[in-house]
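Protein chains in written order, with our numbering: chain A, 1 to 362; chain B, 363 to 444; chain C, 445 to 846.
Backbone N, C-alpha and C fix where the C-beta goes; we use that ideal spot for every residue, glycine too.
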Ligand code: SF4
Ligand code: SF4
């Protein structure tokens with residue numbers, strides 16, 4: 001047991017500091033009084049208050065995984081250009097909050113020199129929301145940061161320019177747990193296992209309760225079994241959908257498999273209510289191999305999806321809206337992705353996803 | 363009306379339940395609350411149960427654990443630890 | 445300073461290219477920190493073998509809390525002894541992710557002393573993540589964090605760290621004060637955030653308008669999304685400016701309105717506000733000319749989650765419109781009723797959305813005391829298997845007419 005300070009000295013349940021401490025004066029003065037905003041150029045936005053005050057935001061890409069040295073570099077930039085004020089976005093970009101327009105361009109230049117491109121606003125690709133992958137996760141079926149880096153190296157021009165028909169949101173999760181909104185993204189990259197768990201009997205006995213492992217499985221693929229006189233579990237392979245629920249409650253049910261783990265690609269989800277209602281992403285490519293360090297098959301697939309959409313979509317049309325207009329047969333035709341058995345849902349209520357009309361283009 | 367159970371009494375009862383079923387069952391906070399409610403009847407309410415759990419945890423007799431869901435267990439060296 | 449132990453040819457590839465490189469970040473930290481150096485080594489190994497090398501630890505934490513620390517151990521501790529323990533600490537971020545350079549530096553100093561020097565800014569739920577430290581460093585780090593005025597966030601079956609968009613701090617579309625509500629909920633539910641007592645996790649996410657910049661509708665058990673109920677404010681002079689600057693208002697704005705409730709005659713926009721579904725499209729397209737109305741509040745939706753365990757769900761409407769102002773009594777009352785019903789009846793690892801699927805939305809509404817209304821459904825049921833609960837009985841002696 002680690003040393004713990006005496007109870008009376010410990011502060012607990014204090015919560016986070018109040019956000020007001022970190023707001024620049026211009027925001028405090030104009031809180032709730034903003035009138036409109038305008039994107040001046042890629043990654044630069046001005047928000048104008050009823051009072052006439054103008055707040056300039058400069059948004060730069062970030063790898064999310066940051067060394068403290070980089071955070072200190074951000075702090076130095078904030079001191080130099082934005083009186084020490086900065087924030088981060090829900091997609092892990094860093095934003096500097098300036099009151100002085102003349103400092104915008106010098107800041108962009110310094111960010112560029114630091115290796116952080118400015119952009120990610122309006123009709124562009126913003127940073128990829130992603131999970132931990134092999135850097136920190138125990139259940140990862142692929143790496144996260146490496147795939148993201150490879151994909152964004154390929155697509156960086158779409159971040160620094162605003163040449164797309166609409167917004168494009170990419171997300172990556174390294175397993176079906178999906179610690180990120182990948183299931184409602186224009187393009188989702190999802191790590192997948194393809195083999196059932198291997199029961200490590202000795203460990204299972206020591207680390208897990210059999211009833212919890214059995215009840216963890218949504219398809220009842222895990223059942224109690226006595227093996228060589230010892231209570232354990234067995235997995236009915238045909239029932240397993242490789243979701244790793246059992247592994248989450250019991251570390252003796254490993255699914256990772258270098259040969260069979262990989263990535264699937266999903267398209268057409270959105271969370272915003274603009275125009276159409278929020279939608280889930282749908283399966284586009286059931287399996288691509290893990291091919292580190294650059295995942296060429298994945299980067300190529302994503303690039304293809306972005307380009308076909310960019311070429312064919314109308315103004316403002318998100319990936320899913322575009323596909324709904326042209327129909328899935330045409331989507332598969334234009335992208336050249338083969339349609340196969342895995343694309344057809346066979347989980348609960350699967351029938352709702354079948355085509356139940358003759359509204360078809362021929 | 364019966365006199366209310368003391369927090370200590372309830373905490374001891376919880377500790378015993380956890381100890382007796384180690385390796386077979388993991389207890390969640392709500393399971394413990396329900397179990398002591400049954401045991402003590404109207405002598406124990408949710409607030410007493412809550413204080414009892416807090417005592418167990420803050421005295422170090424029990425810890426919260428997380429394996430897919432959160433549980434209350436007696437501290438032990440974990441399987442994954444190196 | 446640790447000596448350079450090993451070569452990392454695979455990871456070195458990821459230092460190239462225009463996108464900022466996480467490998468560079470790890471290498472920078474590794475110059476001064478042995479944990480970061482071993483992380484680099486183990487990660488290179490994963491790149492060679494195409495497999496992760498972490499084990500989940502479920503016990504570590506700080507005294508008294510059941511959340512905020514994620515235990516990790518290397519499964520190659522002999523080769524990479526410095527990441528033998530590599531636990532994560534989730535630090536509750538300030539609402540809206542605003543910081544000053546000063547406070548960031550102080551956070552960095554703490555992590556330089558006690559951990560790997562690596563972070564995630566931020567994690568998926570919204571916390572500031574300190575990535576990688578040893579069990580014995582958890583308490584000292586926690587002490588320094590609380591001295592600086594920070595606390596740990598949630599993990600496990602508790603209230604997870606609430607998060608929100610920047611709201612009124614910088615967005616003219618915010619229909620309620622997302623940061624104020626986030627701070628309020630975080631403080632109000634401190635106990636539930638640190639001491640897991642639910643069947644599974646509970647997430648709150650606050651977005652100021654239907655653009656939903658924090659993906660509340662996809663990711664939170666309770667999604668609080670700003671909206672309004674009066675008329676969209678229109679500045680026709682500004683609309684004309686947009687038209688003059690080349691915007692095709694007829695095709696791109698009017699043509700995309702899902703409610704087909706707009707008209708543009710070249711001089712004036714006319715909106716049938718009764719029919720408008722508050723989707724934000726026209727406002728997004730012309731932020732200088734259009735704005736949400738003034739009678740602002742939020743829609744409360746319930747039940748979103750990622751696939752684990754029974755499949756992904758989007759949140760659905762629970763309260764179509766609510767005014768959100770301190771002390772938020774109506775909201776807290778609603779949340780407490782939901783927590784009570786779900787805690788009492790939910791199964792282990794059952795999110796509230798799955799719980800609702802299992803018991804039925806109608807029964808759930810009854811249990812929490814909310815009236816069913818048509819706004820809650822896309823359409824009424826299609827299947828005829830109704831579990832009728834009301835019926836008449838023949839009049840008899842035991843059952844006389846009232
Ligand atoms: S991976 Fe999922 S489906 Fe397969 S046995 Fe485990 S819990 Fe069941
Ligand atoms: S907000 Fe949406 S529904 Fe309402 S008028 Fe504008 S485009 Fe139409």
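Taking buried to mean at least 16 other C-beta atoms within 10 Å of its own C-beta, is residue i buried or exposed?
i, result
"residue 1 (chain A)", "Its pLDDT being 42, under 50, residue 1 (chain A) is placed unreliably in this model, and the coordinates cannot settle the point."
"residue 202 (chain A)", "exposed"
"residue 64 (chain A)", "buried"
"residue 370 (chain B)", "exposed"
"residue 198 (chain A)", "exposed"
"residue 882 (chain C)", "Chain C is shown only over 445 to 846; residue 882 (chain C) falls outside these bounds and no answer can be derived."
"residue 792 (chain C)", "buried"
"residue 464 (chain C)", "buried"
"residue 109 (chain A)", "exposed"
"residue 16 (chain A)", "buried"
"residue 817 (chain C)", "exposed"
"residue 847 (chain C)", "The requested residue 847 (chain C) is not part of the displayed model; chain C covers only 445 to 846."
"residue 544 (chain C)", "buried"
"residue 794 (chain C)", "buried"
"residue 719 (chain C)", "exposed"
"residue 141 (chain A)", "buried"
"residue 358 (chain A)", "exposed"
"residue 116 (chain A)", "buried"
"residue 234 (chain A)", "exposed"
"residue 165 (chain A)", "buried"
"residue 712 (chain C)", "exposed"
"residue 349 (chain A)", "exposed"
"residue 383 (chain B)", "exposed"
"residue 439 (chain B)", "exposed"
"residue 445 (chain C)", "Only weak support exists for where residue 445 (chain C) lies, its pLDDT of 43 falling under 50; the coordinates are left without a value."
From the DSSP output, which residues share a beta bridge with residue i?
i, result
"residue 518 (chain C)", "C:498"
"residue 389 (chain B)", "B:434"
"residue 173 (chain A)", "A:190"
"residue 707 (chain C)", "C:714"
"residue 279 (chain A)", "A:270"
"residue 564 (chain C)", "A:65 and C:573"
"residue 530 (chain C)", "None, per the DSSP bridge assignment."
"residue 425 (chain B)", "B:435"
"residue 226 (chain A)", "A:231"
"residue 544 (chain C)", "A:85"
"residue 612 (chain C)", "Looking at the DSSP assignment, residue 612 (chain C) forms no beta bridge with any residue, so it has no partner."
"residue 650 (chain C)", "C:608 and C:668"
"residue 735 (chain C)", "C:677"
"residue 198 (chain A)", "A:254"
"residue 740 (chain C)", "C:672"
Is residue i near ligand 4, in the sense that its beta carbon is under 7 Å from a heavy atom of that ligand?
i, result
"residue 702 (chain C)", "Ligand 4 is absent from the structure shown, which contains only ligand 1 and ligand 2."
Beta-carbon of residue i versus every beta-carbon of chain E: anything under 8 Å?
i, result
"residue 370 (chain B)", "Protein chains A, B and C are contained in the structure displayed, whereas chain E is not."
- [ ] Give me every residue whose Cβ sits closer than 7 Å to any heavy atom of ligand 1, in chain order.
- [x] A:196, A:197, A:216, A:217, A:218, A:219, A:221, A:222, A:235, A:239, A:240, A:241, A:242, A:243, A:244, A:245, A:246, A:247, A:253 and A:255
- [ ] Determine which residues of the region 565-599 of chain C have a Cβ less than 9 Å from any Cβ of chain B, and write them out in chain order.
- [x] 579 and 599
Open item on the list: To test your reading of the DSSP string, which unbroken alpha helix (DSSP H) runs of 4 or more residues are found completely within the region 743-830 of chain C?
Closed with: Complete alpha helix (DSSP H) runs here, min 4: 773-789, 796-803 and 805-812.
- [ ] Could you please tell me which residues of the region 598-612 of chain C, in chain order, have their CB closer than 9 Å to any CB of chain B?
- [x] Residues passing the 9 Å Cβ filter: 599, 600, 601 and 602.
- [ ] Please go through the region 24-87 of chain A and give each complete alpha helix (DSSP H) segment of 4 or more residues, from N-terminal end onward.
- [x] 25-30 and 68-81
Open item on the list: Please list, in chain order, the residues of the region 717-736 of chain C that have any C-beta partner in chain A closer than 7 Å.
Closed with: 723, 724, 725, 728, 731 and 732
- [ ] Would you list, in chain order, the members of the region 389-400 of chain B that have their beta-carbon closer than 7 Å to a beta-carbon of chain A?
- [x] none
- [ ] Identify each residue in the region 400-432 of chain B for which the Cβ-Cβ distance to at least one residue of chain C is less than 9 Å, and report them in chain order.
- [x] 412, 415, 416, 419, 420, 422, 425, 426, 427, 428, 429, 430, 431 and 432
Task: Against chain C: residues of the region 60-74 of chain A by CB proximity under 9 Å - done: 60, 61, 62, 63, 64, 65, 66, 67, 68, 69, 70, 71, 72 and 74
Task: Residues from the region 236-263 of chain A in contact with chain B, defined by Cβ distance under 7 Å - done: 248, 249 and 251
- [ ] Scan the region 74-86 of chain A for residues whose Cβ lies nearer than 8 Å to a Cβ of chain C and list them as they occur along the chain.
- [x] Taking 8 Å as the Cβ-Cβ cut-off against chain C, the residues of the region 74-86 of chain A that qualify are 74, 75, 76, 78, 79, 84, 85 and 86.
Open item on the list: Along the region 642-672 of chain C, where does the CB come closer than 7 Å to a CB of chain A? Name the residues.
Closed with: 654, 655, 656, 657, 658, 659, 661, 662 and 663
TODO: Taking only beta carbons into account, state which residues of the region 753-764 of chain C come closer than 7 Å to chain A, listed in chain order.
DONE: 753, 754, 755, 756 and 758
- [ ] Could you name the residues of the region 180-210 of chain A whose beta carbon sits closer than 7 Å to any beta carbon of chain B, in the order they occur along the chain?
- [x] 203, 206, 207 and 209
Task: Members of the region 786-801 of chain C that neighbour chain B once the beta carbon cut-off is set at 7 Å - done: 787, 792 and 793
Task: Contact set between the region 283-311 of chain A and chain C, restricted to residues whose Cβ is under 8 Å from the partner - done: Within the region 283-311 of chain A, those residues whose Cβ lies closer than 8 Å to any Cβ of chain C are, in chain order, 290, 292, 293 and 294.
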